[in-house]
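When we follow the numbering used here, the leftmost residue of the sequence shown carries the number 34, and every step to the right adds one. Just so you know, even glycine gets a beta-carbon here, dropped at the ideal spot from N, CA and C. Please read the structure below before turning to the comments.
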Amino acid sequence: MNSRAMSMLGLCARAGRLVTGEKAVVQAVRAGSCCVVLLDGGVAPNGLKAVTQACETHQVPLFRTDPGQLGQAVGRPGRMAVAVTDPGMAARVIELCQSSGT
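Quick look at the structure:
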C-alpha cells in the first residue's frame, strides 16, 4: 500500500476517527458505524475470517496492507485491523488504496 494512504490513516488516528483491533472493528462494521476497513497482511486466519465475513455481509470496503505496516501507520504497533468512521476521510482512504492497487 502506498505511503499516502498510510499517512491518511495516521491522520484519521490523530483525529479520533479510527476503530482499532479485530473485535472492535467487527462490532463497528455490524453497527454500521464505519465506512472502510483495513487489515494487516499478517492477520491471523480467525481474525481474517471474522473481519472479512462482517465486511461482506454489511458491504463495507475491505483492503489489505503489507505485514506490519498498518500498526505502524496508526501509531499502535501490532494492530491487525482498523476501521475509519468518518465518511469523508474514508472516501479519501478508499481513493488512495484503489490508486495503489491493493
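Of all the options the options, which has the alpha carbon lying nearest to the alpha carbon of residue i?
i     : options                          : result
Gly49 : Val107, Cys130 and Glu128        : Val107
Leu44 : Gln105, Ser132, Gln131 and Ala64 : Gln105
Leu42 : Val70, Glu89, Gln60 and Arg63    : Val70
Can you list, in chain order, the residues of its chain with a C-beta nearer than 7 Å to that of residue i? Leave out the 5 residues immediately preceding and following it.
i     : result
Gly74 : Arg97, Thr98, Asp99 and Pro100
Return the chain-ordered list of same chain residues with a C-beta closer than 6 Å to the C-beta of residue i, the five sequence neighbours on each side being excluded.
i      : result
Ala114 : Glu55, Val58, Leu72 and Val84
Cys68  : Val117, Pro120 and Ala123
Please report the residue range of the beta strand (DSSP E) in which residue i lies.
i     : result
Arg47 : Careful: Arg47 lies outside any beta strand (DSSP E), inside the alpha helix (DSSP H) at Ser36 to Arg47.
Ala77 : Neither: Ala77 is in no beta strand (DSSP E) and is coded neither H nor E.
The alpha helix (DSSP H) with residue i in it runs from where to where?
i      : result
Arg97  : Counting along the chain, Arg97 falls outside any alpha helix (DSSP H), though it belongs to the beta strand (DSSP E) covering Leu95 to Arg97.
Arg63  : Glu55 to Ala64
Gln32  : Here the chain has residues from 34 to 135 only, and residue 32 is not among them.
Gly104 : Gln102 to Val107
Whole-angstrom Cβ separation of residue i and residue j, contact assumed at under 8 Å?
i      : j     : result
Leu129 : Arg37 : 5 Å
Val62  : Cys88 : 6 Å
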